[in-house]
Each structure stands twice: as C-alpha cells, then as structure tokens.
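*Asks:* Residue numbers (full-length UniProt numbering): 1 to 362. The structure is given below, and queries will be raised subsequently.
Listed below in structure tokens is the structure:
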C-alpha cells in the first residue's frame, strides 16, 4: 500500500553502534539482543503509525463506519481553497489563485485553439457516478439485518434515508437495533466488514461509463476520480472494473482534503487544468454547489436524486449514454458573456457638423 511507504528502515535501525569497550557488546549475540529489544519497543509505535496512516484496524479491515454517510462540508463558499506548506511558510491556495497560476502557456493556447477539447478536465465523483455505491451500502444493511434476524423497511423513502444518514442515526432512530452504545459499536463494525466485502466484489462501473471514458480518451481529455475512500481500495476497484487506464489522477483520503470543493481543486491541480475549465460529474446537489463554488461546470446524473433537485446543474442526464464530446463544448459556448441578459446599447455621438456661412467660404 502506498501510504505505508512512510515506514523507513531508519525507524528500526539504531542511529549509533554500541561502544567496543567489551567483547560482549561486539558479539553477534549482542547485536541480535539489541535489535530484538528495539523491535519490541517500537512494534506498538509502528502498528500505530500504520493504522493512523492507512486507517486499518487490527483485523486488517478499513475503519470506515463513521465515514460511510458522513455529510462532508461543501467548501469554497467564498472562493477559499486549501492550505499547503512551503519551506518559506504556508501557502493558501484558493480558486482565483489556481485560475491565475494554471493559465495556458503560449504553445498550449495554440494547441487548444486547434484541438479545443484537450483544454477541458473531467472530474468524476466515486459514489453513484463511477460505482453503484447505493447498491453496495444497501446490500451491506441487508446482510446485517439477515445476520441479526431482522428485516429492513421496504419503502423507498426510508431506504433512501438510510443511504444518506449517519450509521448511528440509522441504527438508533430508523431501525431501533441499538440497545446500548456497545451494541451499536459492534453493529457498526460488522456493517463496516460487510461494506468492505461488497466493495471488494465491485467489478462493473455504471452503465455507459466505460463507453463515455473511451470517447473522452479518444479526444485526449484528462480525467480524475475523487472519493473519501483510501487509495488502495479505489485502485483495486478501478482495476477490477477495467477503467483505471482512463484516469490520470486520483484524489483519495490520503490527500487530506476536508471538503468536497477541496477535492475538486486538488483534482484540477493534478490534471494541470485551471478550475474554470473543469467539468464535474456528480449526483448530489451539494456536490454541484461545490463545483460551482470552484468555478467549474457541473453535469448531474439523475438517479440518486430526482431531476427537480438537480436544477442548478449545467446539464442533467439520466446516464452516460446520453453524453457526447460536443456537450462539453456547448457548456462553454457562452462562457465570457452574460447570455440572454439585458444589455445596454451605447450610442456613440457623431461629431457636430460645421455650418457653412459666408465667412467660412471667403
């Protein structure tokens, strides 16, 4: 796993060798004894570092119960971005800063004038856009109910609330399965295991996604996928779906982004595209708002939310089969002008004509 690379060999090797004042310290037995003591002393610290870096529990399962339905902040409400650190001090990266710094160079502008599609960057949300996360989560709840000998509510509104609510709220207020706090914690851990097993079985993307990715790949448009999942599980799922080759950038939990808008901005940086030239594919109205806060265009997928909840999107489609590359151009067809807005017409005053008189002629 990539995040486990932080464990260097220097962390388990002593910084200095023992003195050679006695033959016992120079013996091989002494070296093995020192290494065994050091390993015992640092083993707990190493496990803690790996667990904090990779979010893994003792059973080697991702510690996810609190992250399934956590409502993330939208972010960039006033154009603010995230903060990075440089040797000379912290650097605040906001939307205007990225739009200014990621401007195309001279040769890029010439290329994009000939091939305008390459100037775009596509950002895909993981949940319900790349993968059918609703089916994975609902199946995990069904497995937990079957194991506990209970039944899930069958009405669509309750199931939709279960998919977009915190596990504590679902267990205590909707299903009423939690008798004590320890019982709720055990149920959440078991639910995490079911979800992880279902995530490992994902092998098909949403309908029409692979064909759409092939079309944009032919047009040489870079793509990125963003999620709050860890990188290893995302990469493995993309490889099972056979679509990893289409994504040039991945924004995962290891990137440390705190809001949805921050993930979109991080994806724009990784794609080397300014935010105003990026198109976000989302199914959540909050994600569409985050995209607009980043000056990005938003394409909404109807399904998890009805069409009337997605009216703020620049384009709403039922599936990827309805899209074509020309749709991306149309999104920016009126960029830079207030289309259909009332405009004031400025009438230039012509210079006053000279009146010919007798004095003028002679």
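Ideal Cβ positions, reconstructed from N, Cα and C, are used throughout, including at glycine. Computed from a predicted model, the values in this text were never measured in an experiment.
#1: Alpha carbon to alpha carbon, what distance is there between residue 196 and residue 36?
#2: Over the uninterrupted beta strand (DSSP E) stretch that includes residue 226, give me the two end residues.
#3: Take residue 193 as the anchor and find which of 236, 231 and 142 has the nearest alpha-carbon.
#4: How would you write the range of the beta strand (DSSP E) that residue 282 sits in, first residue to last?
#5: Would you list the one or two residues that DSSP bridges to residue 131?
#6: State the CB to CB distance for the pair residue 206 and residue 129, rounded to an integer number of angstroms; the pair is presumed to be in contact (CB under 8 Å).
#7: From residue 81 to residue 265, what distance separates their C-alpha atoms?
#8: Would you be able to state if there are at least three C-beta pairs under 8 Å between the segment 119 to 129 and the segment 296 to 306?
#9: Could you tell me which uninterrupted beta strand (DSSP E) segments, each at least 3 residues in length, are contained entirely in the segment 293 to 317, listed from first to last along the chain?
#10: Give every residue of the same chain whose Cβ lies closer than 6 Å to the Cβ of residue 271, excluding the five residues on either side of it in the sequence, and list them in chain order.
#11: Which residues in the same chain have their Cβ closer than 8 Å to the Cβ of residue 144, if we skip the five residues on either side of it in sequence?
#12: Can you tell which of 330, 269, 239 and 305 has its C-alpha closest to the C-alpha of residue 97?
#13: Using three-state DSSP, classify residue 247 as helix, strand or coil.
#14: In the DSSP output, what is residue 231 paired with across the bridge?
#15: Can you tell me whether residue 247 is buried or exposed? The criterion is at least 16 other CB atoms within 10 Å of its CB, across all chains shown.
#16: Buried or exposed, going by whether 16 or more other CB atoms sit within 10 Å of the CB of residue 258?
#17: Going by CA-CA distance only, name the one from 284, 173 and 263 that's closest to residue 75.
#18: Under 7 Å between the Cβ atoms of residue 231 and residue 252?
#19: Along the beta strand (DSSP E) that carries residue 82, what are the first and last residues, could you check?
*Replies:* According to the structure data:
#1: Because residue 36 sits at a pLDDT of 38, beneath the cut-off of 50, its placement in the model cannot be relied upon, and the point is left open.
#2: Per DSSP, residue 226 belongs to the beta strand (DSSP E) from 223 to 226.
#3: In this structure, 142 is the residue among 236, 231 and 142 with its C-alpha nearest to the C-alpha of residue 193.
#4: Per DSSP, the unbroken beta strand (DSSP E) holding residue 282 starts and ends at 278 to 282.
#5: Looking at the DSSP assignment, residue 131 forms a beta bridge with 127.
#6: With a contact defined as Cβ atoms closer than 8 Å, residue 206 and residue 129 qualify at about 7 Å.
#7: Their Cα atoms are separated by approximately 7 Å.
#8: Touching, per the Cβ criterion.
#9: Correct list: 297 to 301 and 315 to 317.
#10: Only 121, 222, 224 and 249 meet the Cβ criterion.
#11: Cβ neighbours of residue 144 beyond the five flanking positions: 187, 190, 191 and 194.
#12: Out of 330, 269, 239 and 305, 269 has the C-alpha closest to the C-alpha of residue 97.
#13: Under the three-state reduction of DSSP, residue 247 is assigned to coil, being neither helix nor strand.
#14: None, per the DSSP bridge assignment.
#15: The residue is buried, with at least 16 neighbouring Cβ atoms inside 10 Å.
#16: Result: exposed.
#17: The residue with the shortest Cα to Cα distance from residue 75 is 263.
#18: Taking C-beta atoms as the reference points, residue 231 and residue 252 count as a pair closer than 7 Å.
#19: That run of the beta strand (DSSP E) goes 82 to 86.
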